[in-house]
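**Q** Below is a structure I'd like to ask you about.
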Amino acid sequence: MAYSEKILDHYENPRNVGRLDDDDANVGTGMVGAPACGDVMRLQIRVDGDGVIEDAKFKTYGCGSAIASSSLLTEWVKGRSLEDATRIRNKDIADELGLPPVKIHCSVLAEDAIKAAIADVRKKREQTE
Amino acid sequence: MQLPIYLDYAATTPVDPRVASAMAECLTIEANFGNPASRSHQFGWKAEEAVENARRNVADLVNCDPREIVWTSGATEADNLALKGAAHFYHRKGKHIITSRIEHKAVLDSCRQLEREGYEVTYLDPDSNGLISPETVERALRPDTILVSLMHVNNEIGVINDIEAIGEVTRRRKVVFHVDAAQSAGKLEIDLERMQVDLMSFTAHKLYGPKGIGALYVRRKPRVRIEPQIHGGGHERGMRSGTLATHQIVGMGEAYRIAGEEMHEEARRTLALREQLLRGLEDVEEVYVNGDLTHRAPGNLNISFNFVEGESLMMALRELALSSGSACTSASLEPSYVLRALGRNDELAHSSLRISIGRFTTTEDIDYAIRRIRHAVAKLRELSPLWDMYKDGVDLDQVQWAAH
């Protein structure tokens with residue numbers, strides 16, 4: 001299958017690969033997918049006092065499109081408020097990367113990952129307040 | 001060294017230059033272009049002679065009578081003809097067929113069609129090494145079993161079934177035995193005098209011949225009967241009609257003739273290359289060879305790198321032409337049904353590479369492949385959350401995954 005330039009760029013030079021400290025109350029983790037399906041994404045965000053995402057890291061087990069989707073997502077969410085980040089749609093990711101139809105599920109997974117990470121950090125913050 | 005490096009000889013092979021030149025002599029007005037079925041002039045006689053020479057070359061490689069070779073368009077057609085042809089001919093004796101879960105789709109889909117026609121099919125499970133034992137076959141036989149179809153060498157994992165021993169079981173029980181030899185002909189010794197196989201499928205393009213030509217061996221003693229599936233001019237003793245493609249047949253004959261001369265030397269060379277490859281990869285953490293390593297065709301290595309997804313691995317290995325057991329590209333997200341049948345879990349099935357080595361592979365190619373694969377696996381594990389979890393001591397089987 002031919003990959004778009006943007007997918008190849010994110011795959012060759014993935015942005016924001018890594019881990020954040022899950023014990024930090026300001027860190028939210030979204031882990032989605034399953035090894036059996038061939039995709040697992042772990043997306044983590046750290047939020048500052050104003051509810052703005054100041055850092056994002058990911059690791060992804062999956063095809064090149066899944067890696068590119070999560071890499072792009074970490075770029076997009078940095079500097080956004082949690083509220084704003086919930087508005088990212090899988091279609092935006094798919095359009096930006098030029099994902100072929102069989103790879104749309106990769107962008108769906110990325111949307112699920114950011115939603116899960118946001119829900120996680122909100123829950124943790126409520127518990128600490 | 002020329003990039004990309006071709007390491008997918010189990011998918012197809014380039015035509016040997018000697019084969020290509022033999023084929024070129026069967027096309028134009030100055031050459032041997034006639035219809036082998038034309039009986040009234042020398043153009044036909046000459047073409048027929050070329051076809052019969054080729055038939056003898058194929059028969060010689062597998063030690064059978066040339067009259068037992070029926071030309072087809074390839075191994076897929078030979079499999080279809082064998083299964084449907086034998087099932088349709090012997091249906092009054094019974095309607096039970098035995099095959100295995102890890103056959104080629106040409107056999108499995110023919111079985112599905114026969115099931116739709118009212119036949120009953122038993123799909124044998126291989127052992128964890130991918131092998132079907134004669135005992136497993138014997139246990140599955142019933143009074144109404146008419147046909148057993150098993151492959152000689154598996155196309156994904158390269159393991160070799162003991163068809164000689166299985167043939168003893170089927171002959172004793174008077175059941176027709178079909179073997180798909182697409183991956184084994186010209187790579188392993190096949191002796192149809194000794195092996196009690198009744199029908200055997202061959203192809204040219206896995207053995208440095210052209211695509212679009214194959215053959216079905218149909219035993220004469222004891223005689224095996226099949227119903228034709230393609231009707232027409234009654235070519236090939238009525239078993240497969242259609243004007244014979246002289247150039248394709250000559251190409252297959254030349255490819256099989258060369259294989260007969262060079263097979264043993266070539267098997268030694270490809271095995272040495274595979275051992276070099278395995279030595280270069282086996283010390284990587286969490287690697288698993290899929291399928292039996294002893295009973296295995298020399299050119300095949302199928303290997304899983306745990307916690308790395310196969311398709312992304314292939315993307316990192318764009319300079320290498322090889323196959324993955326992960327089918328993430330297709331509409332279904334199912335990994336290889338062959339690896340699943342071996343009891344490999346989904347992660348390992350998704351993480352597999354099939355590397356197949358052949359006539360034009362060099363030691364430099366293998367050295368390069370080892371370096372690239374090691375580098376790619378390390379890079380993708382850095383990116384893999386599963387690798388992190390494994391390193392943290394998490395048991396991945398205990399994790400509740402949100403399947404999608």
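One line per chain: the protein sequences are A and B, in this order. Numbering of the first sequence is given in the working numbering, commencing with residue 1 and proceeding in unit increments. Numbering of the second sequence is given in the working numbering, commencing with residue 1 and proceeding in unit increments. Cβ atoms here follow ideal geometry from the backbone N, Cα and C, with glycine treated the same way.
With 8 angstroms set as the bound, which would you pick, yes or no: does the beta-carbon of ARG87 (chain A) sit closer than that to a beta-carbon of chain B?
**A** Output row for ARG87 (chain A): interface = no.
**Q** Hey, how far is the Cα of ALA87 (chain B) from the Cα of THR145 (chain B)?
**A** A direct Cα-Cα distance of roughly 10 angstroms separates ALA87 (chain B) from THR145 (chain B).
**Q** Out of B:SER241, B:ASP198, B:GLY253, point me to the one whose CA is closest to PRO408 (chain B)'s CA.
**A** The requested residue 408 (chain B) is not part of the displayed model; chain B covers only 1 to 404.
**Q** For PHE305 (chain B), which residues in chain A fall below 7 angstroms Cβ to Cβ?
**A** Near PHE305 (chain B) there are no residues of chain A at all, since even the closest Cβ is about 12 angstroms away, more than 7 angstroms.
**Q** Express the C-alpha separation of ARG92 (chain B) and ILE370 (chain B) in angstroms, rounding to a whole number.
**A** 55 angstroms
**Q** Taking only the alpha-carbon atoms, compute the straight-line gap between CYS328 (chain B) and LYS103 (chain A) and give it to the nearest angstrom.
**A** At CYS328 (chain B) the pLDDT is 47, less than 50, meaning the model places this residue with poor confidence and gives no usable figure here.
**Q** Between the Cα of ALA126 (chain B) and the Cα atoms of B:ASP79, B:ALA140, B:LEU348, which residue gives the shortest distance?
**A** First, the residue type needs correcting, since residue 126 (chain B) is Pro and not Ala in the sequence shown. Cα-wise, what sits closest to PRO126 (chain B) is B:ALA140.
**Q** At a CB-CB cut-off below 8 angstroms, which residues of chain B make contact with THR135 (chain A)?
**A** Outside the displayed range of chain A (1 to 129) lies residue 135 (chain A), so it cannot be described from this structure.
**Q** If we count the other Cβ atoms within 10 Å of its Cβ and call it buried at 16 or more, is THR28 (chain B) buried or exposed?
**A** Here THR28 (chain B) is exposed: its Cβ has fewer than 16 other Cβ atoms, across all protein chains shown, within 10 Å.
**Q** Out of curiosity, what's the CA-to-CA distance linking ALA113 (chain A) and ILE226 (chain B)?
**A** 57 angstroms
**Q** Please confirm whether LEU396 (chain B) has its beta-carbon closer than 8 angstroms to some beta-carbon of chain A.
**A** yes
**Q** On a CA-only basis, which of B:HIS96, B:ARG55, B:ALA341, B:PRO143 is nearest ASN432 (chain B)? Give me that one, please.
**A** Residue coverage of chain B in this structure runs from 1 to 404, which leaves residue 432 (chain B) outside it and unanswerable.
**Q** Using the DSSP secondary-structure output, state which residues sit across from TYR368 (chain B) in a beta bridge.
**A** Beta-bridge pairing links TYR368 (chain B) to no other residue.
**Q** Should GLY234 (chain B) go down as buried or exposed, given a rule of 16 or more other Cβ atoms within 10 Å for buried?
**A** exposed
**Q** Would you say ALA34 (chain A) faces chain B, with C-beta separation under 8 angstroms as the test?
**A** yes
**Q** Which residue marks the beginning of the beta strand (DSSP E) containing GLU157 (chain A), and which one marks its end?
**A** Only positions 1 to 129 of chain A appear in this structure, which leaves residue 157 (chain A) out of reach.
**Q** Can you tell me which of the three DSSP states GLY214 (chain B) falls into?
**A** Note: GLY214 (chain B) maps to strand in three-state DSSP.
**Q** If you drop the 5 nearest sequence neighbours on each side, which residues of the same chain put their C-beta closer than 6 angstroms to that of GLU54 (chain A)?
**A** ARG46, ASP48
**Q** Do you know how far the Cα of HIS178 (chain B) is from the Cα of PRO298 (chain B)?
**A** 23 angstroms
**Q** Flag ALA54 (chain B) as yes if its beta-carbon sits less than 8 angstroms from any beta-carbon of chain A, otherwise no.
**A** no
**Q** So HIS104 (chain B) and ASN155 (chain B) are in contact, right, with Cβ under 8 angstroms, and what is the actual spacing, rounded?
**A** 6 angstroms
**Q** Measuring only the C-alpha atoms, how far is ARG18 (chain B) from THR362 (chain B)?
**A** 20 angstroms
**Q** Would you verify that the beta carbon of ALA113 (chain A) is, or is not, closer than 8 angstroms to some beta carbon of chain B?
**A** no
**Q** Kindly indicate which residue of B:TYR368, B:ALA402, B:VAL62 has the alpha-carbon position closest to the one of THR203 (chain B).
**A** Selected option, being the one with the closest Cα: B:VAL62.
**Q** Flag this pair as yes or no: are the beta carbons of ALA215 (chain B) and THR72 (chain B) separated by less than 8 angstroms?
**A** yes
**Q** Please go through the region 31-65 of chain B and give each complete alpha helix (DSSP H) segment of 4 or more residues, from N-terminal end onward.
**A** 42-62, all fully within the region 31-65 of chain B.
**Q** Can the beta-carbon of ILE429 (chain B) be found less than 8 angstroms from the beta-carbon of LEU7 (chain B)?
**A** This structure leaves residue 429 (chain B) out entirely; chain B is present only between 1 and 404.
**Q** Under 6 angstroms Cβ to Cβ from GLU319 (chain B), same chain only, skipping five residues before and after it: list those, please.
**A** So the qualifying residues of the chain are LEU3, PRO4.
**Q** What is the residue span of the alpha helix (DSSP H) that GLU96 (chain A) lies within?
**A** 90-97
**Q** Quick check on ALA68 (chain A): does DSSP put it in helix, strand or coil?
**A** Helix, per DSSP.
**Q** Against chain B, with Cβ distances strictly below 8 angstroms, would ARG46 (chain A) count as a contact?
**A** no
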